[in-house]
Amino acid sequence: MNAHTPTVTVGELPASKKVHKPGQLHPELRVPMREISVHPSAGEPPVTVYDSSGPYTDTAMKTDIERGLPRLREAWIEARGDVERYEGRTIKPEDNGFVSADRLTPEFPVRNRPLRAAGGRAVTQLAYARAGIITPEMEFVAIRENLGREQLRSKVQRDGESFGAAIPDFVTPEFVRDEVARGRAIIPSNINHPESEPMIIGRNFLVKINANIGNSAVTSSMAEEVEKMVWAIRWGADTVMDLSTGRNIHNIREWIVRNSPVPIGTVPIYQALEKVGGVAEELTWEVFRDTLIEQAEQGVDYFTIHAGVRLPYIPLTVDRVTGIVSRGGSIMAKWCLHHHQESFLYEHFEEICDIARAYDVAFSLGDGLRPGSIADANDAAQFAELETLAELTKIAWTKDCQVMIEGPGHVPMHKIKQNMDKQLAVCGEAPFYTLGPLTTDIAPGYDHITSGIGAAMIGWFGTAMLCYVTPKEHLGLPDRDDVKTGVITYKIAAHAADLAKGHPAAKIRDDALSRARFEFRWEDQFNLSLDPETARAFHDETLPKEAHKVAHFCSMCGPKFCSMRISHDIRAEAQKEGLAAMAAKYRDGGDLYMPVDSTPERTDTP
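For the sequence shown, the working numbering assigns the number 3 to the initial residue and increments by one for each residue that follows.
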């Protein structure tokens, strides 16, 4: 590796190993999962969890950043017989922001000729689903989604409120196909990103999370951004968006895509703006169209398109506290006002669809008029744009393009469900993808928490993917530590939503950790957690010795006041005296508790 090659984090997580499950319809599939082993004293099998970290946590794989990841899906794509290779567009100086040669990020060393649809066909997962075809991608995600459900099929106990979601006890490839065909789920899978491991975004599947990375004109480099991507997926990011706005955008993105096992999203208007020197008024449809093709050829899996920011809606933002806070939305608003014309994204949306369907780039229809403060939540501008996004969704569906809808933003808790209900009603149940929402505006430096609250709620109500927020939100560009904090926060929110929705097997990991906690299996507690490193570090701050890893207490309560240790004593006494005798003792007024069902009824009237 040369001096420019990034160093990325590799290696297994504690007590974990990568395992793979084969397909049945497509036996060549190797669907990755992570097994977390527990102490032999538990007498329990390993806990299998969803894994999006790719080969970077697989000791059987050797990653080479300069060569990229194995092209997992390439054979599947070519076997369908509906694509063709071509030379692709030539890289231009403006693609990297006219950066000088001495500051140019090196090109990715390996070049593959791009693919596109042959004969004007649609090569999207939606087109295949509508044709009744179960693709390898569909079976792959069915196997991924079924974590833990196989052993529970005969005893699934649904415990939750799904708010009308159609969550099955067991996910079949046919169920996946049907959900994609209905437009209720998407599988972001550009034919030029064969390195990606298929995943699904939809209300009736596990809630997913996205992590944003990207350089800016002020800070960050290619090495940092590639490591941020690898670091984000190590901790559970399901997709990554490259929101780069500085120089070297094209080359940095190529390094990221070639080394990413998860779908990569972008906001193409950012790069288009760099191509015209950062002057929004100079943007044209031709520049934007060229940028779409450039990114589609590289393998970007989904585009955020702010086509809902229309000229008539801009006056609706004038009386807002925080105006237009979306970068893409503000760029298009400025263009519309300067030219006093309708947005070229809106007017050329069918042509945008024609490009997307030739590469299977999914749409994330951007909420350019989302509220940037709780004072602006659920206002006329926000919901006017949502109606337009519904209109654009129908157009995209007629072109066989996959679609999800972006949502707010800053919304107080009592207004969150209205957002979900309205989106489902007007957008035909297309997947919802929200930034938080942040539930209060008073906590700069802690907005991962203010937004995590809203994310858990809206995930429960039906949002399919949550875009993480880091502690640096509103303050600066996130670094590696901020990325981890944001991802872990949103994994908590997504998992809490899955539990509340009653996803079968969602609580397997919770129950395993709870048993480990009650049995004082400290190592298992650490290893089963979302962040073993932090859990172990916090414990060892006050009880660092190895002997403390088997102690029946922690530093919070000490040995005499540990409730779980006392509970063990109670159980031991119960087993010694017999449950019936213990129950009689408590009914007679023992010093522990009196069961509710044996308390005398009140006869007095308040």
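Where is the CB? At the ideal position from N, CA and C, for every residue including glycine.
Do the segment 409-419 and the segment 433-446 touch if we need at least three Cβ pairs shorter than 8 Å?
Cβ pair count under 8 Å is three or more, so yes.
Straight-line CA distance for T268 to V302?
Roughly 7 Å separates the two Cα atoms.
Let me confirm a value: I326 is counted as buried when at least 16 other C-beta atoms fall within 10 Å, else exposed. Which label applies?
Burial call: buried.
Spatial neighbours of I135 within its chain, please: CB distance less than 8 Å, with the 5 preceding and 5 following residues excluded, ordered by chain position.
Here the set comprises R179.
For M35, write down the residues that DSSP places opposite it in a beta bridge.
V21 and Y52.
Roughly how many whole angstroms lie between the Cα atoms of W233 and I258?
Roughly 12 Å between the two C-alpha positions.
Counting beta carbon pairs with one atom in the segment 328-346 and one in the segment 363-372, are three or more of them shorter than 8 Å?
Yes: at least three Cβ pairs fall under 8 Å.
Within its chain, find whatever has a CB closer than 8 Å to the CB of D53; leave out the 5 residues flanking it on each side and keep chain order.
So the list reads K20, P34, M35, R36 and T59, once near-sequence residues are dropped.
What do you get for L530, buried or exposed, if any count of 16 or more other CB atoms within 10 angstroms of its CB means buried?
The residue in question, L530, is buried, as its Cβ has 16 or more Cβ neighbours within 10 Å.
Going by DSSP, which residues form a beta bridge with Y435?
In DSSP, Y435 forms a bridge with E408 and M467.
Is R249 helix, strand or coil by DSSP?
Coil at R249, not helix or strand.
Using DSSP with H/G/I as helix, E/B as strand and the rest coil, what is R87?
Strand.
Around the Cβ of L128, are there at least 16 other Cβ atoms within 10 angstroms (buried) or fewer (exposed)?
Its Cβ being crowded by 16 or more others within 10 Å, L128 is buried.
Helix, strand or coil for G2 per DSSP?
The structure shown does not extend to residue 2, since the chain is modelled only from 3 to 608, so the question has no answer here.
Counting beta carbon pairs with one atom in the segment 505-523 and one in the segment 465-482, are three or more of them shorter than 8 Å?
At 8 Å Cβ cutoff, the stretches do not touch.
Verify whether the separation of the beta carbon atoms of Q404 and D362 is less than 9 Å.
Yes, they are a contact pair.
So, V264 versus D244, is the Cβ gap smaller than 9 Å?
No, these two residues do not count as a Cβ contact at 9 Å.
Looking at the secondary structure, which residues open and close the alpha helix (DSSP H) in which D356 lies?
Unbroken alpha helix (DSSP H) run through D356: F351 to R359.
For N214 and R589, I'd like the C-alpha separation in whole angstroms.
Near 58 Å, if we compare the C-alpha coordinates of R589 and N214.
Would you please state the rounded distance, in angstroms, between the beta carbons of D402 and R132? I believe it to be under 8 Å.
Right, their Cβ atoms sit about 7 Å apart.
Let me know the secondary structure DSSP gives R291 once reduced to three states.
Helix.
Straight-line CA distance for I353 to P16?
One point to set straight first is that residue 353 is Glu, not Ile, in the sequence displayed. E353 and P16: Cα-Cα distance of roughly 49 Å.
Sort out for me which residues DSSP pairs R118 with in a bridge.
DSSP lists E86 as partners of R118.
Is N212 closer than 9 Å to L545 when the C-beta atoms are compared?
Cβ distance not < 9 Å, so L545 and N212 don't count as in contact.
Under a three-way DSSP split, which group does D606 fall into?
Only weak support exists for where D606 lies, its pLDDT of 48 falling under 50; the value from the coordinates is given anyway. Residue state, collapsed to three classes: coil.
Does the structure place the segment 508-521 close enough to the segment 23-30 that three or more beta carbon pairs sit under 8 Å?
Not touching, per the Cβ criterion.
Between A539, G461 and G248, which lies nearest to S102 when the distance is taken from Cα to Cα?
Nearest of A539, G461 and G248 to S102, Cα basis: G248.
When we look at the beta-carbon of G447 and count the other beta-carbons within 10 Å, is it buried (16 or more) or exposed?
Per the 10 Å Cβ criterion, exposed.
For F351, which residues of its own chain have a beta-carbon under 7 Å away from its beta-carbon, when the five flanking residues on both sides are left out?
Counting only Cβ-Cβ distances below 7 Å, and skipping sequence neighbours, we find A309, L394 and I397.
For L532, which residues from the same chain have a beta carbon less than 6 Å from its beta carbon, with the 5 sequence-adjacent residues on both sides left out?
Cβ neighbours of L532 beyond the five flanking positions: I490 and K493.
What do you get for G121, buried or exposed, if any count of 16 or more other CB atoms within 10 angstroms of its CB means buried?
By the neighbour-count rule (16 or more Cβ atoms within 10 Å), G121 is not buried but exposed.
Could you please give me the residues that DSSP links to Y348 through a beta bridge?
According to DSSP, which records beta bridges pairwise, Y348 is partnered with nothing at all.
What are the boundary residues of the beta strand (DSSP E) that N214 is part of?
Looking at the DSSP string, the run of the beta strand (DSSP E) that includes N214 is K210 to I215.
Let's see if you can read the secondary structure: which residues bound the beta strand (DSSP E) around G267?
That run of the beta strand (DSSP E) goes I266 to T268.
For M140, which residues of its own chain have a beta-carbon under 6 Å away from its beta-carbon, when the five flanking residues on both sides are left out?
Here the set comprises P175, V178 and R179.
Do you know how far the Cα of E256 is from the Cα of R105?
R105 and E256: Cα-Cα distance of roughly 17 Å.
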